[in-house]
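**Q** Can you read through this structure? Questions will come right after.
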Amino acid sequence: MSTVGVVGAGYVGLTTAACLAHLGHDVVCGDLDADRVRRLNKGETPILEEGLDDLVVEGLRSGRLRFVLGASQAAAGVEFVFLCVPTPQGSDGRADLGAIDAAAREIASVLRPASVVVNKSTVPVGSTERVDRVLREAGAVADVGVASNPEFLREGTAVRDFLHPSRVVVGADDTAVGTRVSELYRGVRAPVLVTDPASAEMVKYASNAFLATKISFVNAIAAVCESVNADIREVVLGMGYDPRIGFEFLHPGPGWGGSCFPKDTAALLGTADDAGYDFALLRGVVSSNDEQRERMVAKVRDACGGDLAGARVAVWGLTFKANTDDLRDSPAVSIASLLAGSGAVVRAYDPASGEAAADLPGIEVVPDAYAACVDADVLVVLTEWDEFRWLDFGRVAGAMRRAELVDTRNLLDPAAMRRIGFGYRGVGR
Ligand code: UGA
């Protein structure tokens, strides 16, 4: 078992630290936020992530997991240091590597000989080399290795994705370094690819861009289905049985969002641009995703008889998908804001968005799904929370001024909703 430092206790860092401790490694996780560190040391997990609380508590109890303030405390004297810091979208669309550079500079002098710095943050091709350069410039010992180890964790299932991954990818110029990093995952069963850093970094971007492409594609097919009277669910079923296509990530909806796909597709477009390649396909994927939000707004406008001004709109779901409390780049928030911007009175309910939603301009957030619907003209389902399926829709219809329903996630049964008296609009059916 190895000693591991993790820099950053966000979604990726915390999941990585807790899961590596669960696999038996000795892990120190450092974060800049003193309050977060204090709470984590008491076993209080600041994010909603299934199974993560239990692993944090398990790690603290076993002594294999500790939280400290700052990067250098986490990195001092350990065999492996994982950089899990944010790489937000910069003003030019490209990833901002400021936090990576700062972390590398901070840890350089405390790294022990022959340790390996592993980049887990999503970083453009060439960043492993850049970390190597920053470390050397900041005085790291000569035999420190660097590697890239992209993560494929989905919010909401991050722990499961870490412990049961579809693959482990490690990129390093020195194969021995790459192999050492891959051995940290000895406890999990998955194909392992040890490759060069640029390829490992590209795997991450290509994977997210491809998944975004699948969703934009199915959303476009759904739009066509609506005009030719086809049902997208039947179409996806018929496509998905082809193993070359599969069923995953072909669920139509209000468009893709979250902290990864929008940022990573923009960054990949930037990389392609720098390389002199016009990635028209990916540009189309992104703009079709932007249009999808407008298409959903148009459905709500239709349901309101053509004019949103003064219409009362109930919104169910604000997070970017179900089973997370994350509002970052949420299509639900942007659609609700577009509705409010067109003059609608928007009242929203979300099971998990919590206080973060309270300041959304033009959106009143209420603590109950039924309360959102009182006197509403139209109910819009924007996030696929399972609990929405099981509500009393007779009560919902009774509370509304007009029982119109726009189901942007195809969560509900149209026939059942129509029987109850709703005017139902889904996506692609
Ligand atoms: C995504 C990837 O799935 C992870 O593999 C990756 O590690 C992660 O980004 C990352 O780069 O860190 P995540 O952002 O948690 O994970 O969310 P997804 O579950 O991929 O969903 C992204 C968006 O696509 C959401 O808005 C979701 O509602 C939408 N989506 C997803 C659809 O509209 N239809 C689908 O069929 C699937």
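If you want the numbering used here, it's the position in the sequence shown, counting the first as 1, plus 5.
We treat Cβ as the ideally placed atom computed from N, Cα and C, and that holds for glycine.
Everything numeric in this text was worked out from a predicted model, so none of it was measured.
What residue range is occupied by the uninterrupted beta strand (DSSP E) comprising residue 71?
**A** 70-74
**Q** Distance, Cα to Cα, residue 49 vs residue 158?
**A** 21 angstroms
**Q** Can you check whether the CB of residue 275 is closer than 7 angstroms to the CB of residue 98?
**A** yes
**Q** In whole angstroms, what separates the C-alpha of residue 186 from that of residue 369?
**A** 48 angstroms
**Q** Please name the residue or residues paired with residue 94 in a DSSP beta bridge.
**A** 100
**Q** Near residue 113, which residues of its chain fall below 7 angstroms by C-beta distance, leaving aside the five closest residues on each side in sequence?
**A** Sequence-distant Cβ neighbours of residue 113 in its own chain, meaning closer than 7 angstroms and more than five residues away, are 140, 143, 144 and 145.
**Q** Which residues in the same chain as residue 400 place their Cβ atom closer than 8 angstroms to its Cβ, once the five residues preceding and following it in sequence are excluded?
**A** 375
**Q** Which one of 431, 319 and 395 has the shortest CA to CA distance from residue 407?
**A** When C-alpha distances from residue 407 are compared across 431, 319 and 395, the shortest belongs to 319.
**Q** For ligand 1, any of its heavy atoms closer than 6 angstroms to the Cβ of residue 261?
**A** yes
**Q** So what does DSSP say about residue 375, is it helix, strand or coil?
**A** Helix.
**Q** Is residue 158 near ligand 1, with its Cβ less than 6 angstroms from a heavy atom?
**A** Yes, ligand 1 has a heavy atom inside 6 angstroms of this Cβ.
**Q** Taking Cβ to Cβ, would you say residue 133 is nearer than 7 angstroms to residue 202?
**A** yes
**Q** Between the C-alpha atoms of residue 66 and residue 331, what's the straight-line distance to the nearest angstrom?
**A** Cα to Cα, residue 66 sits roughly 28 angstroms from residue 331.
**Q** Can you confirm whether the stretch 16-35 touches the stretch 79-86 when touching is taken to mean that 3 or more C-beta pairs between the two stretches lie within less than 8 angstroms?
**A** yes
**Q** Taking the Cβ atom as the reference point for each residue, do residue 269 and residue 224 lie within a distance shorter than 7 angstroms?
**A** For residue 269 and residue 224, no; Cβs fall outside 7 angstroms.
**Q** What is the residue span of the alpha helix (DSSP H) that residue 284 lies within?
**A** Looking at the DSSP string, residue 284 is not in any alpha helix (DSSP H), and its letter there is neither H nor E.
**Q** Under the criterion of a Cβ to heavy atom distance below 6 angstroms, does residue 256 qualify as lining ligand 1?
**A** yes
**Q** Please state if the CB of residue 378 and the CB of residue 1 are separated by a distance shorter than 7 angstroms.
**A** The chain is shown only over 6 to 434; residue 1 falls outside these bounds and no answer can be derived.
**Q** Cα separation between residue 403 and residue 281?
**A** Roughly 58 angstroms between the two C-alpha positions.
**Q** Which runs of the alpha helix (DSSP H) at least 4 residues long sit entirely within the stretch 199-270? Give them in chain order.
**A** As far as the stretch 199-270 is concerned, its whole alpha helix (DSSP H) runs of at least 4 residues are 202-233 and 237-245.
**Q** Find the nearest neighbour of residue 200 within the set 181, 380, 216 and 12, judged by alpha-carbon distance.
**A** 181
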